[in-house]
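Same order as they appear, the protein sequences are chains V and U. According to numbering that gives the first Met the number 0, the first sequence is numbered sequentially starting from 0. According to numbering that gives the first Met the number 0, the second sequence is numbered sequentially starting from 0. Yeah, the Cβ is synthetic: ideal placement off N, Cα and C, and Gly gets one too. A quick note: this is a predicted structure, and the numbers were derived from the prediction, not measured.
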Amino acid sequence: MRFVQRMFSFLVETEGQLVSKKFDLDKNVKIVHGILFSSNRKSLLFHRGSQRVEISGEEVIAENFESCLFMSGLAVAPNEKFKTFGEQEGKQADNGIPAGNGEVKIQYKDTANPDAEFAPYQVNMYLQCEMK
Amino acid sequence: MIVTQIKRKTVVTMVSIQKQERFRPIDIRIPSNAVSITGVLVTCSANWSNCGTVTLQAGDGTDIFHKAYIGGYTTDISDDAIMGLKDLSFHKPWITGRVPELQQTDIAGDNVFIRAWFKGADFQAPFTIRIYLQYEGAEEFVGIEPTRPRNEENEPKSFIL
Numbered sequence: 000m001r002f003v004q005r006m007f008s009f010l011v012e013t014e015g016q017l018v019s020k021k022f023d024l025d026k027n028v029k030i031v032h033g034i035l036f037s038s039n040r041k042s043l044l045f046h047r048g049s050q051r052v053e054i055s056g057e058e059v060i061a062e063n064f065e066s067c068l069f070m071s072g073l074a075v076a077p078n079e080k081f082k083t084f085g086e087q088e089g090k091q092a093d094n095g096i097p098a099g100n101g102e103v104k105i106q107y108k109d110t111a112n113p114d115a116e117f118a119p120y121q122v123n124m125y126l127q128c129e130m131k
Numbered sequence: 000m001i002v003t004q005i006k007r008k009t010v011v012t013m014v015s016i017q018k019q020e021r022f023r024p025i026d027i028r029i030p031s032n033a034v035s036i037t038g039v040l041v042t043c044s045a046n047w048s049n050c051g052t053v054t055l056q057a058g059d060g061t062d063i064f065h066k067a068y069i070g071g072y073t074t075d076i077s078d079d080a081i082m083g084l085k086d087l088s089f090h091k092p093w094i095t096g097r098v099p100e101l102q103q104t105d106i107a108g109d110n111v112f113i114r115a116w117f118k119g120a121d122f123q124a125p126f127t128i129r130i131y132l133q134y135e136g137a138e139e140f141v142g143i144e145p146t147r148p149r150n151e152e153n154e155p156k157s158f159i160l
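Rendered as structure tokens:
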């Protein structure tokens, strides 16, 4: 099995903005195993961000799901940073989400928070993909 | 061989708590194909240390299965801050990686409605709480896999004379 990480980025330019984006995975991606969110202003993403994500028409992250639940830290080993899909009790499963037609849709919402004053920021979404 | 899979999905419920509010019942509807509740998490947008509690009970009147104390994320105090040095923010969750995560539960039975109660403690401004309930659905059919690999040499061949 060969794994690759794909990065998709977009900008949040105004306070309270709802950003809808559609990205396409490579044709030879078979399964999406994990997801990770990061930003150039991590405190804003942590406190203000929430999103809904669809892969090939299937909702994999429900609306209003906070971005902080999919973030990681510098102190975390690189191999442990991704949040895997399809977890089973007590262990991480390897079933993942089939890439299907490769269409990835994200609806990102910026919400005001007293802990993080707004400034334009970039959101990076990383997907861990298994190739055919 | 019949291949099946069990999917896990999460229901997110957002509730705005007003300044004077001290008690709020919340009904959370889970899709009817849910077999069991496998994870729970309650987060809060405020940064005060003790905003209150959220208690969760399954719809069939069984015992309370989760009680969450809600408060700010940045409750860890760094060694630098204790010693009066300039805080370098090494204790922030996006450095340590200690971001919120679902706690595992296993609540089977009638879970179409989950009842939650918010009980307020000490806060001075409105804030939002989010309740995440991860559920496991019924087994779904995926496809059929051949039990042994096809060997074309042993298959009958047709000849056109």
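Residues of its chain near residue i, where Cβ-Cβ distance is below 6 Å and the 5 sequence neighbours each way are ignored
i, result
"R40(V)", "Y120"
"E58(V)", "none"
"E14(V)", "F117"
"Y125(V)", "Q4, M6 and L35"
"V14(U)", "I25 and I128"
"H65(U)", "V39 and L55"
"E62(V)", "R51"
"E88(V)", "Any answer about E88(V) is weak, because its pLDDT of 46 lies below 50 and its placement is not dependable; what the coordinates show is given next. No residues qualify anywhere along the chain."
Residues near residue i in its chain [Cβ-Cβ closer than 7 Å; skip 5 each side]
i, result
"A124(U)", "K18"
"S71(V)", "L35 and K80"
C-beta neighbour in chain V for residue i, strict 8 Å
i, result
"W47(U)", "no"
"Q123(U)", "no"
"S44(U)", "yes"
"N94(U)", "Reading off the sequence shown, one finds Ile at residue 94(U), where the question assumed Asn. Cβ-Cβ to chain V under 8 Å: yes for I94(U)."
"M0(U)", "no"
Neighbour flag for residue i against chain U, beta carbons, 8 Å
i, result
"L24(V)", "no"
"F9(V)", "no"
"E65(V)", "yes"
"V31(V)", "no"
"K41(V)", "yes"
"P113(V)", "yes"
"Q91(V)", "Residue placement at Q91(V) is poorly supported in this model, since its pLDDT is 47, which falls under 50; the coordinates are not used for a value here."
"G15(V)", "no"
Candidates the options: closest to residue i by CA position
i, options, result
"I5(U)", "Y125(V), D114(V), Q127(V) and N94(V)", "N94(V)"
"V11(U)", "E53(V), G48(V), E65(V) and N27(V)", "E65(V)"
Other residues of its chain near residue i: CB distance less than 8 Å, five sequence neighbours each side excluded
i, result
"G56(V)", "G99, N100 and E102"
"H46(V)", "C67, N112, D114 and A115"
"Y134(U)", "R7, K8, T9, V10, I29, P30, A33, V34, S35, I36, T37 and N110"
Identity of the residues DSSP links to residue i by a beta bridge
i, result
"V31(V)", "I96(V) and C128(V)"
"C43(U)", "I128(U)"
"G51(U)", "I69(U) and G119(U)"
Delimiting residues of the alpha helix (DSSP H) encompassing residue i
i, result
"F45(V)", "K41 to R47"
"I94(U)", "P92 to T95"
Enclosing beta strand (DSSP E) for residue i [first to last residue]
i, result
"A115(U)", "F112 to G119"
"G108(U)", "Per DSSP, G108(U) belongs to no beta strand (DSSP E) and is neither H nor E."
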